[in-house]
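Contents: one structure, followed by commentary.
Numbering (my numbering), first residue to last: 5 to 100.
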């Protein structure tokens, strides 16, 4: 599961660098019971959910592939974003 957490952090930070125009990024990794929780939050420009859907049809597949990878490994990936308010990626991975 370490590889999944690394890949999620890598893709999230790559997206922040390429698109968010963020001034601050927070990466938090913690154990909660039998789960590892990775949370990456930025204070960038954020986006509307419709924009994320359009990006997939335009061939931007990083987050979609990451969500599929998480699902295939019994993990969950949640993405929350609001225009002007930044983005949070939350990955929860079972450890046992």
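Beta carbons are placed, not taken as given, at the ideal position from N, Cα and C, and that holds for glycine. Predicted model, so just to flag it, every value in this text is computed and none were measured.
query: Terminal residues of the continuous beta strand (DSSP E) containing residue 83?
result: Along the chain shown, read from residue 1 onward, the residue named residue 83 stands at position 79. Per DSSP, residue 83 belongs to the beta strand (DSSP E) from 80-85.
task: Check whether the region 19-27 touches the region 68-80, counting contact only when three or more Cβ pairs, one atom from each stretch, lie closer than 8 Å.
output: no
- request: Might you give, ordered along the chain, the residues of its own chain that have their beta carbon closer than 7 Å to the beta carbon of residue 25, omitting 5 neighbours on each side?
  value: Start at 1 with the first residue of the chain shown, and residue 25 comes out as number 21. Result list for residue 25: 48, 49, in chain order.
message: Which of the three DSSP states is assigned to residue 70 in this structure?
response: Here the question's residue 70 lines up with position 66 in the chain shown. It is helical.
message: Between which residues of its own chain and residue 29 is the CB-CB distance below 6 Å, once the five residues before and five after are set aside?
response: Translated into positions along the chain shown, residue 29 becomes position 25. Taken in chain order, the residues that qualify are 20, 46.
Contact under 9 Å by Cβ, residue 3 with residue 35: The requested residue 3 does not occur in the structure, where the chain is confined to residues 5 to 100.
query: What are the boundary residues of the alpha helix (DSSP H) that residue 44 is part of?
result: Counting from one through the chain shown, the residue named residue 44 turns up at place 40. Residue 44 -> not in any alpha helix (DSSP H); beta strand (DSSP E) instead, spanning 39-46.
query: Could you give the residue range of the beta strand (DSSP E) that holds residue 36?
result: Position 32 of the chain shown, counting from 1, holds the residue named residue 36. First-last of the beta strand (DSSP E) with residue 36: 29-36.
task: Using alpha carbons as the reference points, say which of 73, 87, 94, 40 lies closest to residue 54.
output: Along the chain shown, one-based indexing puts residue 54 at 50. Residue 54 has its Cα closest to that of 87, out of 73, 87, 94, 40.
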